[in-house]
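A.B. asks:
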Amino acid sequence: MGNRLLRGTSLLAMFLAVAAVAMTLLVNTTSLGEHPWLRVFFSVSALNFTLRASVPLILGALCGILCERTGIVNIGIEGMMLAGAFAAFVAKTSTNDWPLLASLLFGVGVSLAVGGAMGLLHALFSIRYRMDQIISGTVLIVLAAGISAYLFDRDAVAEGKFGAIALPGLSQIPVFGEVFFSNPPLTYLALLLVIVVHVALFSSRWGVRTRACGEHPRAADTVGIDVNRFRYVNTMLGGMLAGLAGGFLVLEAVGQFQEGMTAGRGFISLAAMIFGNWMPFGAMAAALLFGYTQALQNELLLAGITTVPRQFVSMIPYVVTIVAVSGFVGRVRPPAAEGKVYETESGSE
Amino acid sequence: MSHPAVPALEARSITKIFPGVVANQEVSLQVHAGEILALLGENGAGKSTLMNVLFGLYHPTQGEIWVDGRPVTLKTPRDAIALGIGMVHQHFQLVPVMTVIDNIMLGDEPIRYGLLDRRHAEERIRALSHQYGLAVDPHSVIEDLPVGIRQRVEILKALYRNAKILILDEPTAVLTPQEIEGLFAVMETLKRQGKAMIFITHKLKEVLRIADRILVLRGGRVVGAADPQTATQSQLAALMVGREVILTVEKGAARPGAAVLEVTDLQAKNDLGEPALRGVSLQVRAGEIVGVAGVQGNGQTELVEVITGLRRASGGQVRIGGVDRTHASPGQITHAGHCSHVPEDRHAYGMVDSYTVADNLILNQYAQPPFARAATIQQAAIAEHAEKLVKKFDVRTPSIETPGGSLSGGNQQKMVVAREFSRPIQLLIAAQPTRGIDVGSIEFIHQQIVAKRDEGVAVLLVSAELDEILALSDRIAVIYQGRILDVVDRAAATREGLGLLMAGVKAEPT
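Residue numbers (the numbering used here), protein chains in the order written: chain L, 2 to 350; chain B, 1300 to 1809.
#1: Evaluate the contact criterion for the segment 1580-1590 of chain B versus the segment 1552-1562 of chain B: three or more CB pairs, one atom per stretch, below 8 Å.
#2: Quick one: give me the first and last residue of the beta strand (DSSP E) that Ala1310 (chain B) is part of.
#3: Beta-carbon separation of Met1397 (chain B) and Ala1420 (chain B) under 8 Å?
#4: Quick one: does Glu160 (chain L) have its CB under 8 Å from some CB of chain B?
#5: Ser205 (chain L) CB to nearest chain B CB: under 8 Å?
#6: Under the assumption that Ala1812 (chain B) contacts Gly1519 (chain B) (Cβ atoms under 8 Å), give the Cβ distance between them as a whole number of angstroms.
#7: If we cut at 8 Å on Cβ distances, does Ile269 (chain L) have a partner in chain D?
#8: Check each candidate in B:Tyr1654, B:Glu1742, B:Gln1725 and B:Met1386 and name the one with the smallest Cα separation from Gly1640 (chain B).
#9: Taking contact to mean 3 or more Cβ pairs, one atom from each stretch, closer than 8 Å, check whether the segment 82-91 of chain L and the segment 105-117 of chain L are in contact.
#10: Which term fits Leu152 (chain L), buried or exposed, when burial requires 16 or more other beta carbons within 10 angstroms of its beta carbon?
#11: Should Glu1795 (chain B) be flagged as near chain L, meaning a C-beta pair shorter than 8 Å?
#12: Ser137 (chain L) by DSSP, collapsed to three states: which one?
#13: How would you label Val1656 (chain B), buried or exposed, when you count the other beta carbons within 10 angstroms and need 16 or more for buried?
#14: From which residue to which residue does the beta strand (DSSP E) around Lys1385 (chain B) run?
#15: Expressed to the nearest angstrom, what Euclidean distance is found between the alpha-carbon atoms of Gly1406 (chain B) and Phe107 (chain L)?
#16: Which same chain residues end up closer than 7 Å to Pro1669 (chain B) when comparing Cβ atoms and leaving out the 5 residues on each side of it in sequence?
#17: Quick one: which chain B residues come within Cβ less than 8 Å of Thr223 (chain L)?
#18: Cβ of Gly72 (chain L) within 8 Å of Cβ of Gly215 (chain L)?
#19: With a CB to CB cut of under 6 Å and the five nearest residues on each side skipped, what residues in its chain are close to Ala1344 (chain B)?
#20: Comparing alpha-carbon positions, which option in L:Gly80, L:Arg70, L:Leu289 and L:Leu58 lies nearest Ala18 (chain L)?
#21: Taking the C-alpha atoms as reference points, what is the distance between Arg1610 (chain B) and Gly1621 (chain B)?
#22: Rounded C-beta distance between Val1605 (chain B) and Ala1567 (chain B)? I'm assuming under 8 Å.
#23: Taking the continuous alpha helix (DSSP H) assigned at Leu105 (chain L), which residues delimit it?
#24: Within this structure, are the beta carbons of Gly1590 (chain B) and Ser1762 (chain B) separated by less than 8 Å?
#25: Which residues in the same chain as Ala14 (chain L) place their Cβ atom closer than 7 Å to its Cβ, once the five residues preceding and following it in sequence are excluded?
#26: May I ask which residues mark the beginning and end of the beta strand (DSSP E) holding Tyr1779 (chain B)?
#27: Check whether the segment 1629-1638 of chain B touches the segment 1716-1732 of chain B, counting contact only when three or more Cβ pairs, one atom from each stretch, lie closer than 8 Å.
#28: Got a sec: is the Cβ-Cβ distance from Val333 (chain L) to anything in chain B below 8 Å?
#29: Using the three-state DSSP reduction, which class does Glu1742 (chain B) fall into: helix, strand or coil?
#30: So with CB distances below 7 Å, who are the chain L contacts of Ile1468 (chain B)?
#31: Please list the segments of the alpha helix (DSSP H) lying wholly inside the segment 1543-1623 of chain B, counting only runs of 4 or more residues, in order along the chain.
#32: Look at the alpha carbon of Gly1340 (chain B) and the alpha carbon of Arg332 (chain L), and state the distance between them as a whole number of angstroms.
#33: Kindly say whether Ile142 (chain L), judged by its beta-carbon, lies nearer than 8 Å to any beta-carbon of chain B.
#34: Output needed for Glu179 (chain L): all residues of its chain with C-beta closer than 8 Å, excluding positions within five of it in sequence on either side, in chain order.
#35: So with Cβ pairs under 8 Å, would you call Arg131 (chain L) a contact of chain B?
#36: Thinking just about the alpha-carbon of each residue, which of L:Leu27, L:Ala23, L:Met24 and L:Thr51 is nearest to the one in Ala286 (chain L)?
The structure is reproduced here in structure tokens:
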């Protein structure tokens, strides 16, 4: 019964995907492209914007997946992301006189480290100090917002950001080469990480143990798996990905830091994770959907279409997020043990 | 029976002290290869603590563990596994959403080119299934499997780790009689192949059936050993409880009167929204006990909840004392319907753990005189009532002001029974009335239920223990997948016949 529903859904999704690909090709290569509405929906710039808007969501959702699959609820992705963004900015501005690439890579490294440290903090709060994980996540958000605003030097300027790298050959493919294969490095990295996390989660020793810790920690413990060690490590790895998302915002998307620049992306990541049923590819699809709604908003404003009031246009990403998540909450299934502290006498906590 | 000189596993005067409680005191045991040692004891006797010590989940306060003639230290289950100790847990330690392969190999996964080698694991699992007669499809997902098969997976999990010593913690608690026979056959095979087994249970019949030696635990100590060839059930029960216990319930013939509870074509959904009751019809007359037998999860819980007003019926009718109470509230059913309910989960529905014994004893009548007058609670009346019930129902509590949650399981249950039985009623719904309590309390509660019947109360008894159903019921209804498969008179009921019905097999009339 459920399977048939699922098959129906994926058939529909496949049909929509094929239709979208066809429309994209037509709009960008034929005279169909002169139609303003079709340009809004299918132009290369809309698709590029979608990908750009999706990268931090993808990374944030991967962070959520790593944490929650191992049993730690992480609503602090927003804070981890913001901390990573601020750290990347500080690293970049203090190394402006280095060669650009070295300075940027240093920024990436620092955003990873700070994100990982935020992850460690969350793990310490949640595991060692048995703090409610929702509270701990909220603490991270407030902490990151407060510290970054306090320490932010408004006169500092980061010079330069990652530029697009056209992959030889692939970028020559009409339309799609432009969308997928002429991107800056962190975008490629994010897409690559989706594959890596998926394979690791379902086909590696680490993955099967991680999922066991998130579903039934005692079962993992009784076969000799150190549940809390897995939770520490994965929460830190997740933090690094969220930090990288922040690094992306500063070092690749915007080039500068602004107070509160993550602007709810951490929460939308969380929604993408849920919508994607805690699966890397599902989360990526959800992130692309949410990113696409942001692109629509942008394209509608750019195209000067005024038949739809601006306020409604601005609502699109949030409305889609709410509808998507609320419609799916009953059908997706979170890891059974998430949010529960695991205690055992023999645990090496 | 001849044994190699060195025991496979030996515990030497193990003492385990939790803050304030001595769970095990100077417990010693030995088990040899090719032998089944039964560890018999009531809940709270310290069996599980001892097993957790032997599996490295708890650390002994004092004492030594020897494996193959050498002293060992078990810091974690990993150490125990490495020494060939495997545990089949009472609550299966299986991840419901994962496949059999993933569950069995978890923690000991074969790796090829850096990734999981599921094919290799599958081959090993198939070989083990074949060797020990444990048929299971390696690709099924645990949550789709029936309990008996899950247990096989749990055993395979231990064998996959080359366990030489198997600890089986209450393995029969969740099985149908037929599944128990299947388990025993597997245990015999394992024994022939030289595994040492420790079989933990509180069921006397099973111990006599399968064990080579019996050790009885009470209050954390070994209080005796017995030879299953010569021991009797009543001897073992006396050892377990520390006094003579009457195992059979003494009761006269029922004198049933008019129907009190009439359930007609009742339908209801479970918490997941799936149909749990698919048209249950059942009658309970005044002065009889109708037992509902069935494997857990076949709709018993939902049936009780619908009758007592805790769950909405999606179809059908419930009449109590001739009045339609299908959609009545629990309060209406309790008071206007003169119905008492001993719930299956006493912590969720039967009592408030943090309330005193006295307050717990008036939970169903706190708003009525003499316990309440105008808007105030009458403490004196409540205390008097409590003192009376505590005495009459032998609730062992330091005082009536003690929080209910700090009593032992058996005494909590007696407290719930005391409250529910001390009101004039026409219908009694008793769901798992003796689950998880000691033999002494079981005996007492059984007597009280029979006494209610003899007063002319209609009793609906739901129990997962077939022995309890057989001991108390005048008629037995077998529930299977939300339907009553058959209702048989106690005199005509046999354990085997009920077992088949519980497994969904309805005998063709011959």
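The beta-carbon is built from N, C-alpha and C at its ideal position, and this holds for glycine as well.
C.D. replies: Judging by the given coordinates:
#1: yes
#2: In the second sequence, counting from the first residue as 1, residue 1310 (chain B) sits at position 11. Run containing Ala1310 (chain B): Leu1308 to Phe1317, per the beta strand (DSSP E) assignment.
#3: Against the second sequence, residue 1397 (chain B) aligns to sequence position 98. Against the second sequence, residue 1420 (chain B) aligns to sequence position 121. Not closer than 8 Å, so no.
#4: Counting from 1 along the first sequence, the entry for residue 160 (chain L) is found at position 159. No, Glu160 (chain L) does not count as interfacial toward chain B.
#5: Position 204 of the first sequence holds residue 205 (chain L). It does: the Cβ of Ser205 (chain L) has a partner Cβ on chain B nearer than 8 Å.
#6: Within the shown structure, residues of chain B are numbered from 1300 to 1809, placing residue 1812 (chain B) beyond reach of any answer.
#7: This model lacks chain D altogether, as its protein chains are L and B.
#8: One-based indexing of the second sequence puts residue 1640 (chain B) at position 341. One detail in the question is off: residue 1640 (chain B) reads as His in this sequence, not Gly. Closest by alpha carbon: B:Gln1725.
#9: yes
#10: Residue numbering aside, residue 152 (chain L) sits at position 151 when the first sequence is read from its first letter. The residue in question, Leu152 (chain L), is exposed, as its Cβ has fewer than 16 Cβ neighbours within 10 Å.
#11: For the purposes of this step, residue 1795 (chain B) is taken as residue 496 along the second sequence, with counting starting at 1. So, not an interface residue.
#12: In the first sequence, the residue the question calls residue 137 (chain L) occupies position 136. Of the three classes helix, strand and coil, the one that applies to Ser137 (chain L) here is helix, per DSSP.
#13: Stepping through the second sequence from its first residue, residue 1656 (chain B) is reached at position 357. Flag for Val1656 (chain B) reads buried.
#14: As a first step, residue 1385 (chain B) must be located in the second sequence, where it is residue number 86. Strictly speaking, residue 1385 (chain B) in this sequence is Gly, with Lys absent from that position. Looking at the DSSP string, the run of the beta strand (DSSP E) that includes Gly1385 (chain B) is Ile1384 to Val1387.
#15: The count along the second sequence starts at 1 and reaches residue 1406 (chain B) at position 107. The count along the first sequence starts at 1 and reaches residue 107 (chain L) at position 106. Approximately 37 Å between the Cα atoms of the pair.
#16: What you label residue 1669 (chain B) is simply residue 370 of the second sequence in a count that begins at 1. Result list for Pro1669 (chain B): Gln1677 and Ala1680, in chain order.
#17: One-based indexing of the first sequence puts residue 223 (chain L) at position 222. The answer, in chain order, is Phe1354, Leu1356, Pro1376, Met1386, His1388 and Gln1392.
#18: Indexing the first sequence from 1 puts residue 72 (chain L) at position 71. Indexing the first sequence from 1 puts residue 215 (chain L) at position 214. Yes, these two residues count as a Cβ contact at 8 Å.
#19: Walking along the second sequence from the start, residue 1344 (chain B) turns up at place 45. Counting only Cβ-Cβ distances below 6 Å, and skipping sequence neighbours, we find Leu1516 and Arg1517.
#20: Here the question's residue 18 (chain L) lines up with position 17 in the first sequence. Nearest of L:Gly80, L:Arg70, L:Leu289 and L:Leu58 to Ala18 (chain L), Cα basis: L:Leu289.
#21: Working through the second sequence from its first residue, we reach residue 1610 (chain B) at position 311. Working through the second sequence from its first residue, we reach residue 1621 (chain B) at position 322. Roughly 20 Å between the two C-alpha positions.
#22: Position 306 of the second sequence, counted from the first residue, corresponds to residue 1605 (chain B). Position 268 of the second sequence, counted from the first residue, corresponds to residue 1567 (chain B). Confirmed, Cβ separation roughly 5 Å.
#23: Here residue 105 (chain L) refers to the residue found at position 104 when the first sequence is read from its first residue. Segment Leu101 to Ala124, the alpha helix (DSSP H) holding Leu105 (chain L).
#24: As a first step, residue 1590 (chain B) must be located in the second sequence, where it is residue number 291. As a first step, residue 1762 (chain B) must be located in the second sequence, where it is residue number 463. Cβ atoms of Gly1590 (chain B) and Ser1762 (chain B): closer than 8 Å.
#25: To locate residue 14 (chain L), count along the first sequence from 1; it is residue 13. Closer than 7 Å at the Cβ level, and outside the excluded window around Ala14 (chain L), lies no residue.
#26: For the purposes of this step, residue 1779 (chain B) is taken as residue 480 along the second sequence, with counting starting at 1. Where Tyr1779 (chain B) is concerned, the enclosing beta strand (DSSP E) stretches over Arg1774 to Tyr1779.
#27: yes
#28: As a working note, residue 333 (chain L) is residue 332 in the first sequence. No, no contact with chain B.
#29: Indexing the second sequence from 1 puts residue 1742 (chain B) at position 443. The answer is helix: DSSP assigns Glu1742 (chain B) an H, G or I state.
#30: On the second sequence, position 169 is the one that residue 1468 (chain B) refers to. Residue identity differs from the one stated: residue 1468 (chain B) is Asp in this sequence, not Ile. By Cβ distance, chain L contributes nothing, its closest Cβ being about 11 Å from Asp1468 (chain B), past 7 Å.
#31: 1599-1606
#32: For the purposes of this step, residue 1340 (chain B) is taken as the residue at position 41 of the second sequence. For the purposes of this step, residue 332 (chain L) is taken as the residue at position 331 of the first sequence. The alpha-carbon atoms of Gly1340 (chain B) and Arg332 (chain L) are separated by roughly 44 Å.
#33: Residue numbering aside, residue 142 (chain L) sits at position 141 when the first sequence is read from its first letter. False, the Cβ-Cβ gap to chain B never drops below 8 Å.
#34: By 1-based counting over the first sequence, the position of residue 179 (chain L) is 178. Only Val45, Asn49 and Ser172 meet the Cβ criterion.
#35: For this step, residue 131 (chain L) is matched to residue 130 along the first sequence. No, its Cβ sits nowhere closer than 8 Å to a Cβ of chain B.
#36: On the first sequence, position 285 is the one that residue 286 (chain L) refers to. For Ala286 (chain L), the nearest C-alpha among the options comes from L:Thr51.
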